[in-house]
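>
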Amino acid sequence: MNAADMTSWIRHAAELVTADVDRLTRLDSAIGDGDHGHNLDRGFRAATEAVSGGALPADAPPGKVLVAAGLAILSKTGGASGPLYGTALRRAGKALGDSASDGPSDGTEVDAAALGTALRAALDSVQNLGKAAEGDKTMVDALAPAVAAYETALADGSGLAACVRAAADAAAAGAEATVPMQARKGRASYLGSRSVGHMDPGAASTALILRALADVTGEG
Ligand code: ADP
Ligand code: MG
């Protein structure tokens, strides 16, 4: 993946979030305060603006695109999810290298191993910041199995597109698996057992964002 592919990912993630705003709002209305759809829509629109139309230098490396997107989300997105997604993208970009000279290989192309390292860095940052473990009914329940599936596919010798597809499928399954869970982190945890029976909105949006990545890498 090069910088243009990263930009396409952010833009397509914004499209999928916009298309699903009402569903994300509904999910967050059931077990939160109903702002998740609009939080993310605002955040990914800002991220798209920050990476398109000459906002970055033409020779910006792929990591820089993700750092810029993350910073835009951090500055424009409220709620618990804004800092988590903003930091995750920023960390992923840093892991790829965000200056022209310190990226993987020649700094302009991200290979399957480098993207796996970036996704792992994103997960680590979400867990460092939010302290959620798998099973707490958060975005970690989509992101952690996604990263694990990516790494398994990579170890099996799959190329980048197939690794991403495995990650996106695992994120979707992980989001589904949050339905019977009781929330132990975030706003939904205030509901106790009443959080059971609803998909976690952040897990749903993580699945969307990884679906967007699969779409742009070609095996969506
Ligand atoms: P808020 O909960 O502040 O209204 P959002 O509605 O935008 O923020 O985001 C809610 C989502 O954030 C939850 O569905 C969950 O996936 C995620 N989340 C909340 N707290 C945490 C946490 N501590 N760690 C990881 N994810 C979390
Ligand atoms: Mg909310």
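All residue numbers for the sequence shown refer to our numbering, where the first residue is 30 and numbers rise by one.
From the three backbone atoms N, C-alpha and C, an ideal C-beta is built for every residue, glycine too.
Bear in mind the structure is a predicted one, so any value in this text is a computation, not a measurement.
(1) Measure the C-alpha to C-alpha separation of L239 and P209 and round it to an integer number of angstroms.
(2) Any heavy atom of the ligand MG closer than 7 angstroms to the Cβ of S65?
(3) Is the beta carbon of T116 within less than 7 angstroms of some heavy atom of the ligand ADP?
(4) Around the C-beta of P86, are 16 or more other C-beta atoms found within 10 angstroms, so that it is buried, or is it exposed?
(5) So, do the region 88-96 and the region 58-72 have three or more beta carbon pairs nearer to each other than 8 angstroms?
(6) Cβ of A232 within 7 angstroms of any heavy atom in the ligand ADP?
(7) What are the complete beta strand (DSSP E) segments, minimum 3 residues, inside the region 64-114?
(8) Where L118 and A232 are concerned, what is the direct C-alpha to C-alpha distance, given to the nearest angstrom?
(9) Can you list, in chain order, the residues of its chain whose CB lies under 6 angstroms from that of H227, leaving out five sequence neighbours each side?
(10) Should R216 be counted as a contact of the ligand MG given a C-beta to heavy atom distance under 7 angstroms?
(11) So L125 packs on G115, CB below 8 angstroms; how close in whole Å?
(12) State the start and end residues of the unbroken alpha helix (DSSP H) segment that holds L17.
Looking at the coordinates:
(1) The residue you call residue 239 lines up with position 210 of the sequence shown. The residue you call residue 209 lines up with position 180 of the sequence shown. In a straight line, the C-alpha of L239 is about 22 angstroms away from that of P209.
(2) Residue 65 sits at position 36 when you count from the first residue of the sequence shown. In the sequence as presented, Ser is not what sits at residue 65; that position holds His. The beta carbon of H65 sits closer than 7 angstroms to at least one heavy atom of the ligand MG.
(3) The residue given as residue 116 occupies position 87 in the sequence shown. For the ligand ADP, not one heavy atom lies less than 7 angstroms from the Cβ of T116.
(4) The residue given as residue 86 occupies position 57 in the sequence shown. Exposed, by the Cβ-count rule.
(5) Cβ pair count under 8 angstroms is below three, so no.
(6) For the purposes of this step, residue 232 is taken as the residue at position 203 of the sequence shown. At least one heavy atom of the ligand ADP is nearer than 7 angstroms to the Cβ of A232, so yes.
(7) none
(8) Taking the first residue of the sequence shown as 1, we reach residue 118 at position 89. Taking the first residue of the sequence shown as 1, we reach residue 232 at position 203. Cα to Cα, the separation comes out at about 16 angstroms.
(9) What you label residue 227 is simply residue 198 of the sequence shown in a count that begins at 1. If we look at H227 and ignore the five residues flanking it on each side, its Cβ neighbours are A59 and I60.
(10) By 1-based counting over the sequence shown, the position of residue 216 is 187. Flag set: Cβ of R216 near the ligand MG.
(11) Taking the first residue of the sequence shown as 1, we reach residue 125 at position 96. Taking the first residue of the sequence shown as 1, we reach residue 115 at position 86. Not quite, the Cβ-Cβ distance comes to about 16 angstroms (not below 8 angstroms), so this is no contact.
(12) With the chain covering only 30 through 249, there is no way to say anything about residue 17.
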